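K.L.:
The following block contains the structure, expressed as structure tokens.
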Amino acid sequence: MLRLVARRLLRVIPLLLLVTLIAFGLLNLVPGDPAVQIAGEFATAEQIEAVRTDLGLDQPWLARYGSWLGSAVQGDLGESLFSGVPVRTQIWDRLPATVSLIGWALMLSALIGIPAGTVAGWREGSAIDRFLTVGTTIGVAIPVFVSALVLALLVGLKLGWLPATGYVGITESPWEWARRLILPSIALAFTGAAEIARQTRAGVIEVKKQDFVRAARANGLTTWQVLGKHTLKNAMIPVVTVVGLQIGRLFGLSVLVEQIFNIPGLGSRLITAVFENDIPFIQGTVLMLGTVIILVNAAIDISYGYFNPRVRES
Amino acid sequence: MTAATPDVGLSGLDSSPTETRWARFVRRFRRQRAAVAALTFIVVVTFCAVFAPWVAPQDPIEQDLSSSLAGPSWEHWLGADRLGRDVLSRLIFGARFSLLAAVQAVLVATVLGVPVGVLAGLARGWVDSAASTIADAVLSIPAIVLALAIIGVLQPNLTNAMIAIGIVYAPRLFRVVRSAAISVREETYIDAARASGVGTLTIARSHVIPNVLSPLVVQVSLALGFAVLAEAGVSFLGLGVQPPDASWGVMLGQSTAELEDHPILVLVPGAAIMLAVLAFNVLGDGLNDSLGREIRRE
């Protein structure tokens, strides 16, 4: 087990380094002279020079990368170009809304996807399986901004059951926090639920053909015992990976959902940064998200080894 | 496979040995009604997009404030937007931008991902692990976030947006091509070619690429679906196609303010995007099921 952890962590290092290189390298994609671009069209020569020294653009890139990485490791991601507010503070301020949204969406995806996939797989080829397969195919294709807008329209505006937009922090009012996150997280959960259902279905179909499941049946266990104890437990292993992959995807899609539901999260801040050419903020976000997702996936892989001893050996 | 095979016992087989690969593909594909419908839909949309000036009833950017926000009528089948522009015509011209953008993005992804994938799959060793690690690193950043980051650093316009989406998708094509190349590499005829002194590049061109094509075609179809969706998302945010041009994403983004009173303005482009994505996905699945064992093995 220890060897698995060590091996997996060893693989994380080059990935993390590459993500830092990608985040850092974004600056080099700026067309022309980055200092001129960033300072804006009305900047004086001195302002451009100030930006140049500020970003260290007068130094060779390896030296710049070294000092950028050095500060990033200590949590210093630089400052926003316009407001001058540290990027770390801004990300930190925006994170609760995004994390709440993704947490809800992930929970909903699993709550819908796992039972749906189990039923479809257990009753493979039945009417309900075909219905669910069509449903998941459509679910994957629904653009998140369309489901978000339709939900906001129907439930928020027409029926008026839930607030159509806005966000309230959990510390302010847990009730309002939950109420306002329902619609956006349902919108986000469509795709996730469909993906998880597909994976669960495939897993259940695979496992239910195994000898130990047939043996359990032959021994006279009830359907529920066979399904829960023997089939699902084993079918869940690939599903956990899919759930892990969903985290990254949900982060991405939350950009659109936050924009539509007017949620002050990381995604809507990123869009502002993109419009403002706020490169330090963009770099910081890419670095932070990439790191989190790499670590989450590594943790999932390690948990695999914990739950399934066979993985440890390979 | 054209050698004279005894005709005994073949009646139960799914294909006759003399059938060409193409004929077999067509026969298997035609059996899949959903995929055929999807392909038909894509062909119709592409036709409308290419011949938009002749198909569209009106000028997509001509404003007519007297019919502002008009509902569906004989004059405007799908109504008109706030500036009185005909929604149906905008939808047809929008297909141009959406499809063209998707093709651009997939081209970028193919150029970046496929050659490296073939090479990594064949070369093994450090080339493979370096390329795979880079692909993993790119994949660990959420696609939309990375695309937005690239757009934010370049300038927000359609071409840059499509370059960004292409870069984001390249590692996915890379992975598929690499694993296909690896499975081809293990075949004995590659060993034979190597043993007779054929170089790696020639092997790649004459043996690996033809065998990688099937999974690649499937992936390209899925990639087009992804690109349509991504273009719509980026343009919806105002970071892709710039007005007065309109892709489906732009139409959607511009009409969110009208959501409550004129939902049709949101629903029409939304449905177009959804159907296009669905069609490419279903087509991809259908191709996957009709393109022989190379893919099934995955």
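Chains as they are written, first to last, in the working numbering: chain S, 1377 to 1690; chain X, 74 to 371.
Idealized CB from N, CA, C, for every residue including glycine.
Just so we're clear, the structure is a prediction, and the values are computed from it rather than from any experiment.
1) In chain order, which continuous runs of the beta strand (DSSP E) of length 3 or greater are located wholly inside the stretch 1582-1618 of chain S?
2) What number of angstroms, rounded off, separates the C-alpha of X/D154 from the C-alpha of X/G306?
3) Going by DSSP, which residues form a beta bridge with S/E1455?
4) For X/W147, count neighbouring C-beta atoms within 10 Å of its own C-beta (all shown protein chains included) and say buried if the count is 16 or more, exposed if not.
5) Could you name the residues of chain S that X/N354 contacts, counting a contact when the two beta carbons are closer than 9 Å?
6) Evaluate S/K1585 with the Cβ neighbour count: other Cβ atoms within 10 Å of its Cβ, from every protein chain shown; 16 or more gives buried, anything less gives exposed.
7) DSSP on X/A129, reduced to helix/strand/coil?
8) For a contact defined as C-beta to C-beta under 7 Å, what are the partners of S/G1493 on chain X?
9) Counting only C-beta atoms, is S/Q1466 closer than 7 Å to chain X at any point?
10) Which residues bound the alpha helix (DSSP H) around X/N230?
11) Assuming X/F247 and X/A204 are in contact, meaning their beta carbons sit under 8 Å apart, how far apart are those beta carbons, in whole angstroms?
12) Nearest to X/V323 by alpha carbon, out of X/D334, X/A344, X/G311, X/L332?
13) Assuming S/L1527 contacts S/L1559 (C-beta within less than 8 Å), just tell me the rounded distance between them.
14) Name the one or two DSSP bridge partners that X/D159 has.
15) Listing by chain order, which chain X residues have their CB less than 9 Å from the CB of S/I1424?
16) Runs of 4 residues minimum, wholly inside the stretch 270-358 of chain X: which ones carry the alpha helix (DSSP H) assignment?
17) If you run the structure through DSSP and keep just helix, strand and coil, what is X/P79?
18) Alpha carbon to alpha carbon, how far is S/L1378 from S/L1391?
19) Is X/G372 close to chain S, meaning its C-beta is less than 7 Å from at least one C-beta of that chain?
20) With a threshold of 16 other CB atoms inside 10 Å of the CB of S/W1498, please say whether the residue is buried or exposed.
21) In whole angstroms, give me the CA-to-CA distance for X/L180 and X/A352.
22) Any C-beta of chain S sitting closer than 7 Å to the C-beta of X/R369?
23) Taking only beta-carbon positions, decide if X/V218 is within less than 7 Å of chain B.
24) Which value, in whole angstroms, describes the spacing of the CA atoms of S/I1655 and S/V1662?
25) Near X/I224, what residues of its chain come up, given a Cβ to Cβ distance below 6 Å and the 5 sequence neighbours on each side ignored?
26) Short of 7 Å in beta carbon distance, which residues of its chain neighbour X/V301, apart from the five on each side in sequence? Order them along the chain.
27) Helix, strand or coil: how does DSSP classify S/Q1413 here?
28) Quick one: is S/M1483 buried, meaning 16 or more other Cβ sit within 10 Å of its Cβ, or exposed?
29) Measuring CB to CB, does S/L1564 end up less than 7 Å from S/L1629?
30) Which residue from X/D159, X/P336, X/V290 puts its Cα closest to that of X/E135?
31) Going by other Cβ atoms of all chains shown within 10 Å of its Cβ, with 16 needed for buried, is S/Q1575 buried or exposed?
32) In chain order, what residues of the same chain have a beta carbon less than 7 Å from the beta carbon of S/I1581, not counting five sequence neighbours either side?
33) Since S/Y1543 is in the alpha helix (DSSP H), which residue starts that stretch and which ends it?
34) Closer than 7 Å, CB to CB, is S/L1646 near chain X or not?
35) Using a Cβ-Cβ cut-off of 7 Å, state whether X/G359 counts as contacting chain S.
36) Contact between the stretch 1541-1555 of chain S and the stretch 335-345 of chain X: three or more CB pairs below 8 Å?
P.N.:
Let me spell this out:
1) Runs of the beta strand (DSSP E) spanning 3 or more residues and lying entirely within the stretch 1582-1618 of chain S do not occur at all.
2) To locate residue 154 of chain X, count along the second sequence from 1; it is residue 81. To locate residue 306 of chain X, count along the second sequence from 1; it is residue 233. C-alpha separation (whole angstroms): 20 Å.
3) For the purposes of this step, residue 1455 of chain S is identified with residue 79 of the first sequence, where counting begins at 1. Partner(s): S/P1462.
4) In the second sequence, counting from the first residue as 1, residue 147 of chain X sits at position 74. Exposed is the call here.
5) Here residue 354 of chain X corresponds to residue number 281 of the second sequence, with the count starting at 1. Chain S residues near X/N354: T1513, V1516, A1517.
6) Here residue 1585 of chain S is taken as the residue at index 209 of the first sequence, counted from 1. By the neighbour-count rule (16 or more Cβ atoms within 10 Å), S/K1585 is not buried but exposed.
7) As a position in the second sequence, residue 129 of chain X is number 56, starting the count at 1. Assigned with DSSP and collapsed to three states, X/A129 falls in coil, not helix or strand.
8) Within the first sequence, numbered from 1, the residue matching residue 1493 of chain S stands at position 117. Residues of chain X whose Cβ lies closer than 7 Å to the Cβ of S/G1493 do not exist, since the nearest Cβ in that chain is about 17 Å away.
9) Looking up residue 1466 of chain S in the first sequence gives position 90. Contacts with chain X at 7 Å (Cβ-Cβ) do not include S/Q1466.
10) Position 157 of the second sequence, counted from the start, is the residue given in the question as residue 230 of chain X. From DSSP, X/N230 is part of no alpha helix (DSSP H); its letter is neither H nor E.
11) Here residue 247 of chain X refers to the residue found at position 174 of the second sequence. Here residue 204 of chain X refers to the residue found at position 131 of the second sequence. Under the criterion of beta carbons closer than 8 Å, X/F247 and X/A204 qualify as touching, at roughly 7 Å.
12) As a working note, residue 323 of chain X is residue 250 in the second sequence. The shortest Cα separation from X/V323 among X/D334, X/A344, X/G311, X/L332 belongs to X/G311.
13) Within the first sequence, numbered from 1, the residue matching residue 1527 of chain S stands at position 151. Within the first sequence, numbered from 1, the residue matching residue 1559 of chain S stands at position 183. Contact between S/L1527 and S/L1559 is confirmed by a C-beta separation of about 5 Å, below the 8 Å threshold.
14) In the second sequence, residue 159 of chain X corresponds to position 86, counting from 1. Answer by DSSP bridge pairing, in chain order: X/A153.
15) Position 48 of the first sequence holds residue 1424 of chain S. Near S/I1424 there are no residues of chain X at all, since even the closest Cβ is about 18 Å away, more than 9 Å.
16) Segments of the alpha helix (DSSP H) lying fully in the stretch 270-358 of chain X: 273-276, 282-309, 321-327.
17) Along the second sequence, one-based indexing puts residue 79 of chain X at 6. Unreliable positioning characterises X/P79 in this predicted model, as indicated by a pLDDT of 47, which lies under 50. A coordinate reading is not provided.
18) As a working note, residue 1378 of chain S is residue 2 in the first sequence. As a working note, residue 1391 of chain S is residue 15 in the first sequence. About 21 Å.
19) No information on residue 372 of chain X is available, as it lies outside the stretch 74 to 371 that chain X covers here.
20) Here the question's residue 1498 of chain S lines up with position 122 in the first sequence. The residue is buried, with at least 16 neighbouring Cβ atoms inside 10 Å.
21) Taking the first residue of the second sequence as position 1, residue 180 of chain X is located at position 107. Taking the first residue of the second sequence as position 1, residue 352 of chain X is located at position 279. X/L180 and X/A352 have their C-alpha atoms spaced approximately 19 Å apart.
22) Your numbering for residue 369 of chain X matches position 296 in the second sequence. With a pLDDT of 40 at X/R369, under the threshold of 50, the predicted position of this residue should be treated as unreliable, though the coordinate-derived value follows. For X/R369, not one C-beta of chain S is nearer than 7 Å to its own C-beta.
23) Within the model displayed, chain B is absent; protein chains S and X are what it includes.
24) In the first sequence, residue 1655 of chain S corresponds to position 279, counting from 1. In the first sequence, residue 1662 of chain S corresponds to position 286, counting from 1. C-alpha separation (whole angstroms): 11 Å.
25) What you label residue 224 of chain X is simply residue 151 of the second sequence in a count that begins at 1. Here the set comprises N233, A234, A237, L312.
26) What you label residue 301 of chain X is simply residue 228 of the second sequence in a count that begins at 1. Around X/V301, the same chain offers S171, A175, I346, A349, V350, F353 as residues with beta carbons nearer than 7 Å, after the five sequence neighbours per side are excluded.
27) Walking along the first sequence from the start, residue 1413 of chain S turns up at place 37. Correct three-state label for S/Q1413: helix.
28) Along the first sequence, read from residue 1 onward, the residue named residue 1483 of chain S stands at position 107. With fewer than 16 other Cβ atoms within 10 Å, it is exposed.
29) Counting from one through the first sequence, the residue named residue 1564 of chain S turns up at place 188. Counting from one through the first sequence, the residue named residue 1629 of chain S turns up at place 253. Yes; because the gap between Cβ atoms is below 7 Å, this pair is in contact.
30) Within the second sequence, the letter at position 62 stands for residue 135 of chain X. Ranking X/D159, X/P336, X/V290 by CA distance to the CA of X/E135 puts X/D159 first.
31) Here residue 1575 of chain S corresponds to residue number 199 of the first sequence, with the count starting at 1. S/Q1575 should be labelled buried.
32) If you number the first sequence from 1, residue 1581 of chain S lands on position 205. Within the same chain, S/I1581 has close Cβ partners G1497, E1500.
33) On the first sequence, position 167 is the one that residue 1543 of chain S refers to. For S/Y1543, there is no enclosing alpha helix (DSSP H), since its DSSP letter is neither H nor E.
34) Here residue 1646 of chain S refers to the residue found at position 270 of the first sequence. Residue-level contact by beta carbon holds for S/L1646 and chain X, with a gap shorter than 7 Å.
35) Within the second sequence, numbered from 1, the residue matching residue 359 of chain X stands at position 286. Chain S contact via Cβ: absent.
36) In this structure the stretch 1541-1555 of chain S does not lie against the stretch 335-345 of chain X, because fewer than three pairs of beta carbons, one per stretch, are closer than 8 Å.
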